[in-house]
Amino acid sequence: MTATRLPLHRRLREYGLDSVTLLLIPAVLFVLALFIYPFLYGLVLSFHPKAGGWLANYAKFFSEPFLYDTISITLVIAVPVTILNVLLSVPVALRVRLMRRQRLLTTILVIPITLGTVMVAEGLLTYLGPRGWLNRVLLEFGLADSPVRLVHNYWGVMLSLVITGFPFTFLLTLSYVTGIDPALEQAGAVLGARPRERFQRILLPLLAPGLAITLALAFVQAFTVFPSAILLGAPAGPTRVISIVAYQAAFEQYDYPLASAIAMLMAAVQLLVISALLAARTVLFRGPVSTGKG
Amino acid sequence: MRRSIGEQIWACAVWTLVGFFVLNLVGMIGSVVVNSFGTHWFNTWLPAGYTSQWYVLAWNEFQLPDILIVTAEVVGTVVLLSALIGVPAAYAMARRNFPGKQAVMFLFLLPLLVPPITYGIPMATVLYQVHLAGTIWGVILANLVPTVPFVILIMIPFVEQIDPRIEAAARVFGAGMLRLFLQVLVPLLLPGMLAAMLLALVRTIAMFELTFLTSGPTSQTLVVALYYAVFAAGVRPGQSIDAMAVVYMVTTLVWLLIALRFVNPTQIVTRAKR
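These protein sequence lines are chains A and B, in that order. Going by numbering that gives the first Met the number 0, the first residue of the first sequence is number 0, and it counts up by one from there. Going by numbering that gives the first Met the number 0, the first residue of the second sequence is number 0, and it counts up by one from there.
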């Protein structure tokens, strides 16, 4: 190494760029090549339709009810299940945080997440089917006259999203809840706040930023429901979600530009909902939240 | 602290809810296991008799040996490569501040936040164009996209725990980058690496979407084969599909239990929370 090169070497090091920083290069290149590049490629490809002008794919999507209906179909599944999962998670997480031995419950709840949607779909097909245990209980106890249809329709997909989605939102909420200093709530109790007031005035504002993120992540997962919508739902009708048409465009019609356009629209809807949620968070909870955390 | 009646009712309601959820979960898993061992099961609580013939059938009909070998190859390669790429990157992220670090962090978070089906379709398109999709390497590359950032995010706090003076001492005694890594950092980071690799392993076994979009007939993993079996239900007896599901479940849960010896269950979801 010559003396003239040393200053540059040192200057770079002052910016934190040295041989250690170079260890990042493989990982960064990898993500750029297999995540960023395909995404941009898909975006460009979506403007090069098989036929018609540069916007033809998007025009096609929004002119055929068969295609654009999938957005509302997916939202009708994803929005209620997301809200339900988060609403159920908050009281359960607030209760579980008081438990000393949480490990068993969290281990049980992590199982459906680990098994994944395909396995849950197969399990629910057996369990919720006309001859499954659930219908047996309903018939035996006289709660239903004939087996209730819970598979191959909207409810099958909905329930599969509860089975995999609730543990996810619960574990995420639990991690936020346990991050809140219990002294804050005790102080509220000492000052005479009842449980409901403590929840509304102390816990909820502190929990709100975490809940917004939980809602966003849970929504994104539910919005991209795929295997269970095919296996447990009615993929030709009420559960024809947007990921199914994207998949069919790519791998059944081999129309990659249209498939890319649908994938981009999928990303756009997710982005819209997430930005709306994060915007709502900053509008609704300003001021005390940022200072109360300490 | 004494609780009021209202609070007790509320607590009761919450535990009933949790109990109901767990009951249905056990019912779901239980009915698959029971069905896979049952001879005939029609309008009764339990099957008429028990047999293991469905496992033999599934083993032969679904070409389970081949599928298990492919799964092991894919998962093993993904875990090793993600550690090889991810651990040094995590080390750099934990130890250095440089301009654009936040952008790099964001770059690593994106594949974990964007759902696989959204980026999987353009990614599969690109992999088909370079003729990698359909091969085992296409499946491996696709599965590395979320696992490399996943390993990085898990490893960063583990690196931060290590006292930088240990590394400084090693350097003073003349250890180069490679020796520093192999003789000082890897032994110290072993628990974290084990946790990260086991979680990456469990995630890869269960990763359906990316494998489904990029695999061909000879590069299916267990979860994709299970999907095709359920999709074509009716072609083969339902019990043999459930037998295959049990094989998948055992494979996943054994590794989950091993992984849980090193990590807390909540960590499985919270790594990507920001």
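Quick reminder that beta carbons are idealized off the backbone N, C-alpha and C, glycines included.
- Not flagged as an interface residue toward chain A: residue 165 (chain B), since no C-beta distance is shorter than 8 Å.
- In terms of Cβ geometry, residue 176 (chain A) and residue 102 (chain A) do not form a close pair [threshold 8 Å].
- If you keep only unbroken alpha helix (DSSP H) runs of at least 4 residues inside the region 194 to 232 of chain A, you get 194 to 197, 203 to 222 and 226 to 230.
- Where residue 216 (chain B) is concerned, there is no enclosing alpha helix (DSSP H), because DSSP gives it neither an H nor an E.
- The three-state secondary structure of residue 57 (chain A), taken from DSSP, is helix.
- With respect to chain A, the C-beta atom of residue 44 (chain B) has a partner C-beta closer than 8 Å.
- Taking C-beta separations shorter than 8 Å and ignoring five residues to either side along the sequence, the partners of residue 245 (chain A) in its chain run 258, 261, 262 and 265, following chain order.
- Counting only Cβ-Cβ distances below 7 Å, residue 91 (chain A) has contacts in chain B at 13, 16 and 17, in chain order.
- Comparing alpha-carbon positions, the option among B:17, B:255 and B:67 lying closest to residue 200 (chain B) turns out to be B:255.
- With a threshold of 8 Å between beta carbons, residue 259 (chain A) makes contact with chain B.
- When B:107, B:183, B:212 and B:69 are compared, the shortest CA-CA separation from residue 124 (chain B) is found for B:212.
- With 16 or more other Cβ atoms from the protein chains shown falling within 10 Å of its own Cβ, residue 213 (chain A) counts as buried.
- Counting only runs of at least 4 residues, the region 90 to 172 of chain B fully encloses the following alpha helix (DSSP H) elements, listed from N- to C-terminal order: 100 to 112, 115 to 128, 135 to 160 and 163 to 171.
- Distance from the CA atom of residue 115 (chain A) to the CA atom of residue 65 (chain A), rounded to whole angstroms, is 29 Å.
- Contact check for residue 88 (chain B) and residue 26 (chain A): beta-carbon distance about 4 Å, within the 8 Å limit, so the pair qualifies.
- In the structure shown, residue 253 (chain A) falls within a coil segment according to DSSP collapsed to helix, strand and coil.
- With contact defined as three or more Cβ pairs closer than 8 Å, the region 106 to 113 of chain B and the region 182 to 196 of chain B are not in contact.
- Non-local C-beta neighbours of residue 120 (chain A) in its own chain, meaning closer than 7 Å and more than five positions away in sequence, comprise 159, 226, 227, 230 and 231, ordered along the chain.
- Not one beta carbon of chain B lies nearer than 8 Å to the beta carbon of residue 211 (chain A).
- Among the residues of the region 23 to 41 of chain B, those with a Cβ less than 8 Å away from any Cβ of chain A are 23, 24, 26, 27, 28, 29, 30, 31, 34, 40 and 41, in the order of the chain.
- Taking a cut-off of 8 Å for Cβ pairs, the region 174 to 189 of chain B and the region 68 to 88 of chain A do not touch, as fewer than three such pairs fall below it.
- When secondary structure is reduced to three states using DSSP, residue 37 (chain B) falls in the strand class.
- Using a C-beta cut-off of 8 Å, the region 125 to 145 of chain B makes no contact with the region 168 to 178 of chain B, since fewer than three inter-stretch Cβ pairs fall below that distance.
- Inter-segment contact for the region 4 to 16 of chain A and the region 70 to 80 of chain B is absent: fewer than three beta-carbon pairs are separated by less than 8 Å.
- Beta-bridge annotation (DSSP): residue 49 (chain B) is paired with B:37.
- Taking CB atoms only, residue 162 (chain B) has no neighbour in chain A less than 8 Å away.
- Taking a 10 Å sphere around the C-beta of residue 54 (chain B), we find 16 or more other C-beta atoms and assign the residue as buried.
- At a cut-off of 8 Å, the C-beta of residue 262 (chain B) has no neighbouring C-beta in chain A.
- Distance from the Cα of residue 98 (chain B) is smallest, within the candidate group A:75, A:186, A:135 and A:17, for A:17.
- Here residue 107 (chain A) carries a helix assignment [DSSP, helix/strand/coil].
- Residues are counted here when their Cβ sits less than 9 Å from a Cβ of chain B; for the region 102 to 124 of chain A these are 102, 104, 105, 106, 107, 108, 109, 110, 111, 112, 113, 114, 115, 116, 117, 118, 119, 120, 121, 122, 123 and 124, given in chain order.
- In this structure, the alpha-carbon of residue 49 (chain A) lies about 10 Å from that of residue 253 (chain A).
- If you compare the alpha carbons of A:126, A:53 and A:56 with that of residue 42 (chain B), the shortest gap goes to A:126.
- Per DSSP, the continuous alpha helix (DSSP H) segment holding residue 39 (chain A) begins and ends at 36 to 45.
- Less than 8 Å divides the Cβ of residue 208 (chain B) from the Cβ of residue 119 (chain B).
- Its chain contains 163, 166 and 167 as the residues whose beta carbon lies nearer than 7 Å to that of residue 112 (chain A), once the 5 sequence neighbours on both sides are disregarded; these appear in chain order.
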